[in-house]
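Since the structure comes first, as structure tokens, the remarks are kept for the end.
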Amino acid sequence: MFSEIKNVFIVAFILGACLSLYGAYSGLYLITVSLSILIMVVYFFTTLYLNTIKKQISVEQLANSNYYLGFMFTLVSILVSLTSVISNSYNIDNIVSNFGVSIVTTIIGLLARIYLANFIPNEEVNNEILNESVSHKIRIMNDILLDNMQKNKAFSQMIDERMEVLVVSTERSLGKFTKLLDKDFKASIDTFNDSIKSITKSMETSNKKQSALISEELKEDKK
Numbered sequence: 026m027f028s029e030i031k032n033v034f035i036v037a038f039i040l041g042a043c044l045s046l047y048g049a050y051s052g053l054y055l056i057t058v059s060l061s062i063l064i065m066v067v068y069f070f071t072t073l074y075l076n077t078i079k080k081q082i083s084v085e086q087l088a089n090s091n092y093y094l095g096f097m098f099t100l101v102s103i104l105v106s107l108t109s110v111i112s113n114s115y116n117i118d119n120i121v122s123n124f125g126v127s128i129v130t131t132i133i134g135l136l137a138r139i140y141l142a143n144f145i146p147n148e149e150v151n152n153e154i155l156n157e158s159v160s161h162k163i164r165i166m167n168d169i170l171l172d173n174m175q176k177n178k179a180f181s182q183m184i185d186e187r188m189e190v191l192v193v194s195t196e197r198s199l200g201k202f203t204k205l206l207d208k209d210f211k212a213s214i215d216t217f218n219d220s221i222k223s224i225t226k227s228m229e230t231s232n233k234k235q236s237a238l239i240s241e242e243l244k245e246d247k248k
């Protein structure tokens, strides 16, 4: 499990340890430390790339591995220096120089750990951010709802006013129409009555004429 990152770590440590041994016995401290830093930089980006493509370990574990790698480089350098002191093949100036330069790898590893792990929001911060985001969304929704309610209220008031105007206008129109109907109806009734009266008078006149003619005919027949 985690074979890729573990293999990269082991290879990086072996290379760094060999460089520390080479630097201790050759005296090329700056070249050794520069190459050790280069190894750590390559390890940092390689493991970060592998862990991004396929999640193998947590970010905190990845950060710790960078710190431990730099610290182990420093420990190897110190061990080599102490071994040289025991064998009396080193003077004190070389030991101090080797130790001072080799501790740089620990600092580089610590910087990598801080960069990877210390700037990642923890669960509490994530919860706070989430709560703030939810509260902000809820406030926006409340503002939208209140605005819509006010608009609906204004719209309802406008509809009520228009309905009142429509009702009043309809009542007025119905009143006028009713008056016109009443006038037309009365005029029709009067016309109808006049026609009936005229017909009645015509019939009465006709009856009188017929009665008179009949009377005359009866008188002539008697003669």
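Going by this note's numbering, the sequence shown opens with residue 26, and the numbers climb by one from there.
Ideal Cβ positions, reconstructed from N, Cα and C, are used throughout, including at glycine.
If you check the beta carbons only, do residue i and residue j fall under 8 Å apart?
i	j	result
Gly41	Ser61	yes
Leu94	Tyr68	yes
Val129	Thr72	no
Met65	Ile133	yes
Please report the residue range of the alpha helix (DSSP H) in which residue i lies.
i	result
Leu63	54-78
Whose C-alpha, out of the options, is nearest the C-alpha of residue i?
i	options	result
Ala17	Tyr54, Leu63, Ile132	As shown, the chain starts at 26 and ends at 248. That puts residue 17 outside it, with no answer to give.
Ile102	Thr77, Leu44, Asn156, Lys222	Residue identity differs from the one stated: residue 102 is Ser in this sequence, not Ile. Residue Leu44 is the option with its Cα nearest to Ser102.
Asn91	Ile35, Ser181, Ile163	Ile35
Ile253	Met97, Ile78, Leu104, Ala88	One cannot answer for residue 253 here, as it falls past the ends of the chain, which runs 26 to 248.
My understanding is that residue i touches residue j, with C-beta atoms under 8 Å, so please give their C-beta distance in whole angstroms.
i	j	result
Ile82	Ile30	6 Å
Thr99	Ser127	5 Å
Ala179	Val84	54 Å between Cβ atoms; not a contact.
Tyr47	Thr57	6 Å
Would you say residue i reaches chain D, if we count a Cβ-Cβ gap shorter than 8 Å as a contact?
i	result
Glu196	Absent from the structure is chain D; it holds one protein chain and no more.
(request) Specify whether the segment 131-139 and the segment 161-174 touch according to this definition: at least 3 beta carbon pairs, one from each stretch, less than 8 Å apart. (result) no
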